[in-house]
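Sequence order for the protein chains is A, B, C and D. Numbering of the first sequence is given in my numbering, commencing with residue 1 and proceeding in unit increments. Numbering of the second sequence is given in my numbering, commencing with residue 1001 and proceeding in unit increments. Numbering of the third sequence is given in my numbering, commencing with residue 2001 and proceeding in unit increments. Numbering of the fourth sequence is given in my numbering, commencing with residue 3001 and proceeding in unit increments. Each residue gets a CB set at the ideal place from its N, CA and C atoms; glycine is no exception. Note that the structure is predicted; figures quoted are calculated from it, not measured. To start, the structure itself, in structure tokens.
Number of protein chains: 4
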Amino acid sequence: MTIDPFSAHRSESAIALDPAQTAVLVVDMLNDFCKPGGAMVLPGYETLMDPQRSVIAAAREAGVPVIWVIDSHRTGLRRDREFLKRTPHCAEGSWGAQVIDDLAPQDDDLRVYKHRYSGFFQTDLDLTLKDMEITQLVIFGVVTNICVRSTVHDAFFNGYQVVVPQDACAATSPREQASSLYDIATHFGLVVASADVVEALTAQRQLTNMAIGSDLEFVS
Amino acid sequence: MTIDPFSAHRSESAIALDPAQTAVLVVDMLNDFCKPGGAMVLPGYETLMDPQRSVIAAAREAGVPVIWVIDSHRTGLRRDREFLKRTPHCAEGSWGAQVIDDLAPQDDDLRVYKHRYSGFFQTDLDLTLKDMEITQLVIFGVVTNICVRSTVHDAFFNGYQVVVPQDACAATSPREQASSLYDIATHFGLVVASADVVEALTAQRQLTNMAIGSDLEFVS
Amino acid sequence: MTIDPFSAHRSESAIALDPAQTAVLVVDMLNDFCKPGGAMVLPGYETLMDPQRSVIAAAREAGVPVIWVIDSHRTGLRRDREFLKRTPHCAEGSWGAQVIDDLAPQDDDLRVYKHRYSGFFQTDLDLTLKDMEITQLVIFGVVTNICVRSTVHDAFFNGYQVVVPQDACAATSPREQASSLYDIATHFGLVVASADVVEALTAQRQLTNMAIGSDLEFVS
Amino acid sequence: MTIDPFSAHRSESAIALDPAQTAVLVVDMLNDFCKPGGAMVLPGYETLMDPQRSVIAAAREAGVPVIWVIDSHRTGLRRDREFLKRTPHCAEGSWGAQVIDDLAPQDDDLRVYKHRYSGFFQTDLDLTLKDMEITQLVIFGVVTNICVRSTVHDAFFNGYQVVVPQDACAATSPREQASSLYDIATHFGLVVASADVVEALTAQRQLTNMAIGSDLEFVS
């Protein structure tokens, strides 16, 4: 089977990543979302480690900046409006709001602190990327269907080319993983495999959207 | 059977709609997305007419403003960046960018013209709502998983209470309908039935999220 | 005699206008601000006509888009927060919110409607300019010290090169004209003469900031 | 003499500061702008110390939050677009980007880091203030005609009531001080004396704009 008729109205072309214009955004790989004792844990983050590390290593090798997009809620606000809907998490300065050690963030990596799901909402991310002359973004992390997706939305709206390595992302359930990746592939950017991003960064391989299978899920 | 463990970290409470602080946002109910000959048609918009009309009528009766959120692309731009991903649609001033007659938009209704999927992205929607002292939004239209959802994201980020009547929304496929409504119910606002919104607007009925069924779809 | 010590910390270089990347922003040349019977009239707009027309004509000849930035206040808002400070003006759709006939706006010129002093604040101006691949802006109109200046601020913050032809702008008083132009020349862009812009657009003349006179005013 | 005819179209009323809805924004009182050896020093910051300290002390006594708005430029960007116009200053993490010790900032005070002149431009300031339920802002610092003024612009656009204690601000020259305060008083908010703010915070004194003298400068 194929893509649905509405989503099929795509303009699609293969893209090459230019290391001089590309950045990697790692979204919310934080203790509170990944580690035992975290405020809001997504089980099984370990499966993301190999794909994420491979993309990060390829980026560093290619001179592509790695930017940590970090949920961080100021404390002592009278009414953090995100907490009207979600339970408190990622308090500014706490262990929960730190990037997991597994990914070996470096001191001189850029960090962007966000207060809502999107890395762009009332942060300096767009300004900083434009001051870096970045036009292409590789975006992954957790959770696919909320913070990764929200960041992908705003990246596309702001005119960046977006690439999402699907095996470097985890959603709250399999349906949500498939559905958000489908929406991203049809409306926001390219959904690919981490191995493809590695080749694109290190060997100039062109990227195309993965084929969409008969169950509307992605297959490679 | 139940909500997934990550999404379950919700703060939830019933809400009442205050007509003096509520607005209805009707998203992209336009010829190009609904009518034969449109540039990007979602089949079956007719099934939305009764639910949408009932909410719009209840809003007008309660003195709640109805705001038409309208995709409208300026023509003659060198490079409309949405069209790098999607085929052209909703040209400014064209039949395709007009609200469908079925919903009987009125001349003095507010119209907000958007250039990306979200009704808030680089438009005057937030400014206008705040100048109207609106804090609660009923949001519906097409398609659930792209433009409705993108508008819901930004509404929540900007601090509005969001209510989505699910039967007044249509997605590109059943899985995407279920998945986006699930994400909205767990992370952005309330998913309800249109009949509930009508009662909330006309008879002060309180609103709560619909139960989440064993297949992670919504049931009433 | 010279620039003050703080403002002197400038990075300055001559710039050439590339017609393919330049747009002209005409700010608030509206009946309400210019014509007898307007809601908030600045006396003497007539003196601006020759300089403004010459820049507009040169722009049209060079294929540079002319964009009308238009103050336009939606009516019926509960509390237009600009009107908490200023008396009402430029009602949407009214004569007062129309560009003066003297400048012969054309139907297919772009128009951007703003609700605050800055042409960028919660409008689609930045999005539209970036979809046009514009990086350089010639900005003028009324009043120099409020709406022109506010637009210049945001243009600079968003990364555009800004050129202000001083004789195409009028302020609320001579001191305000001199002071805002001084601030623009030292912190936001270039202040030049209209004739210089005409030559830059039609004969590739390079532009530099005007000399700053001994009284901290601009002299040519 | 009086206010000019254009600026005279004001809606004016006395305002009372509600400590529960007020915040103090201290703009750019940083080593690089104040102290010997700073990158861009405004001579004479010492004269601001008594007025600023008195407002800060009154705010702390009234339970009003003091927020430090801090210019802070990320290092290593390919092209910080502010530095295309101004010489480099306030490097992130450096001595130059620290609040001067004279004002005794406290560890648990809020700090907002900005990359352009305005404290609101692509920062979390508006989001944070709204999560604090703040609607009134007392704004002061250096320099009146650039960073203070730019912050005042955006505060007004976003709907805050703005109060500027003039003797707690310094401009790049006397004309710029007078001119920016004039523009603020006529178009953006109230210009008052620090002593008035102290009384407003501690003794509920109502605030009104200072009289505008015959030379269009402010007199008390």
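{"Query": "Neighbour flag for L1207 (chain B) against chain A, beta carbons, 8 Å", "Result": "no"}
{"Query": "Helix, strand or coil at K3114 (chain D) [DSSP, three-state]", "Result": "strand"}
{"Query": "Contacts around A170 (chain A), its chain only, beta-carbon distance under 8 Å, and the 5 residues preceding and following it disregarded", "Result": "L42, G44, Y45, T47, L48, V142, V143, T144, Q177"}
{"Query": "C-alpha gap between A2023 (chain C) and G1093 (chain B), whole angstroms", "Result": "23 Å"}
{"Query": "Beta-bridge pairing of I2070 (chain C) - partner residues as DSSP gives them", "Result": "C:Y2113"}
{"Query": "Under the three-state DSSP convention, the category I1184 (chain B) falls into", "Result": "helix"}
{"Query": "Spatial distance of D1196 (chain B) from A1014 (chain B) (CA atoms)", "Result": "12 Å"}
{"Query": "Counted within 10 angstroms of its Cβ, other Cβ atoms place A104 (chain A) as buried (16 or more) or exposed", "Result": "exposed"}
{"Query": "Integer Cβ distance of A2193 (chain C) from Q2166 (chain C), believed to fall under 8 Å", "Result": "7 Å"}
{"Query": "Proximity to I70 (chain A) [Cα-Cα], best of A:P5, A:I139, A:T87, A:R111", "Result": "A:R111"}
{"Query": "Beta carbon of D80 (chain A) nearer than 8 Å to that of H73 (chain A)", "Result": "yes"}
{"Query": "Candidates D:L3025, D:F3033, D:P3019, of which the one nearest F2006 (chain C) by Cα", "Result": "D:F3033"}
{"Query": "Minimum Cβ-Cβ distance from H3115 (chain D) to chain A less than 8 Å", "Result": "yes"}
{"Query": "Against chain A: residues of the region 3074-3105 of chain D by CB proximity under 7 Å", "Result": "R3074, L3077, R3078, R3079, D3080, R3081"}
{"Query": "Q98 (chain A) vs N31 (chain A) beta-carbon contact at 8 Å", "Result": "yes"}
{"Query": "8 Å CB neighbourhood of E2199 (chain C) in its chain, flanking five on each side removed", "Result": "R2205"}
{"Query": "CB-CB length for L2127 (chain C) against Q1122 (chain B), believed under 8 Å", "Result": "4 Å"}
{"Query": "Chain B within 8 Å of Q2204 (chain C), Cβ atoms only", "Result": "no"}
{"Query": "Nearest-angstrom Cβ-Cβ length linking Y1113 (chain B) and I1146 (chain B), presumed shorter than 8 Å", "Result": "Their Cβ separation, rounded to whole angstroms, is 17 Å, which puts Y1113 (chain B) and I1146 (chain B) out of contact at 8 Å."}
{"Query": "Neighbour list for M3132 (chain D) in chain A, Cβ cutoff strictly below 7 Å", "Result": "L77, R78"}
{"Query": "Test item: CB-CB of F188 (chain A) and K1085 (chain B) under 8 Å", "Result": "yes"}
{"Query": "Beta carbon proximity, G2159 (chain C) to chain G, threshold 8 Å", "Result": "Looking for chain G here will not work: the only protein chains present are A, B, C and D."}
{"Query": "Beta bridge counterpart(s) of G3141 (chain D) as assigned by DSSP", "Result": "D:V3027, D:C3169"}
{"Query": "D3028 (chain D) burial status per 10 Å Cβ neighbour count (16 or more: buried)", "Result": "buried"}
{"Query": "For S54 (chain A) and V26 (chain A), the rounded distance between their alpha carbons", "Result": "13 Å"}
{"Query": "Chain-order list of residues whose beta-carbon lies under 7 Å from that of I1139 (chain B) (same chain, five-residue window excluded)", "Result": "L1025, V1027, V1148, T1151, V1152, A1155, V1162, V1164"}
{"Query": "Neighbourhood of G2038 (chain C) by C-beta, 7 Å cutoff - its chain only, sequence neighbours within 5 removed", "Result": "N2031, D2032, G2096"}
{"Query": "Q1204 (chain B) - partner residues in DSSP beta bridges", "Result": "None; Q1204 (chain B) has no bridge partner."}
{"Query": "8 Å Cβ cutoff, L3025 (chain D) in contact with chain A", "Result": "no"}
{"Query": "T1135 (chain B) to I184 (chain A) span [Cα, whole Å]", "Result": "30 Å"}
{"Query": "Test: G2213 (chain C) CB closer than 8 Å to a CB of chain D", "Result": "Confidence is the limiting factor: at G2213 (chain C) the pLDDT is only 47, short of 50, which leaves the residue's position unreliable, though a coordinate-based value still follows. G2213 (chain C) does not count as touching chain D."}
{"Query": "Cβ distance (whole Å) where S87 (chain A) is taken to contact R1010 (chain B) below 8 Å", "Result": "Before going further, note that residue 87 (chain A) is Thr rather than Ser in the sequence given. Going by Cβ atoms, the distance from T87 (chain A) to R1010 (chain B) rounds to 7 Å, so yes, they are a contact pair."}
{"Query": "Any chain A beta carbon closer than 8 Å to L3110 (chain D)", "Result": "yes"}
{"Query": "Residue of B:P1051, B:V1064, B:K1035 minimising C-alpha distance to L1017 (chain B)", "Result": "B:V1064"}
{"Query": "C-beta neighbour in chain C for D1028 (chain B), strict 8 Å", "Result": "no"}
{"Query": "Buried versus exposed call for G3119 (chain D) [16 or more other C-beta atoms within 10 Å across all chains shown]", "Result": "buried"}
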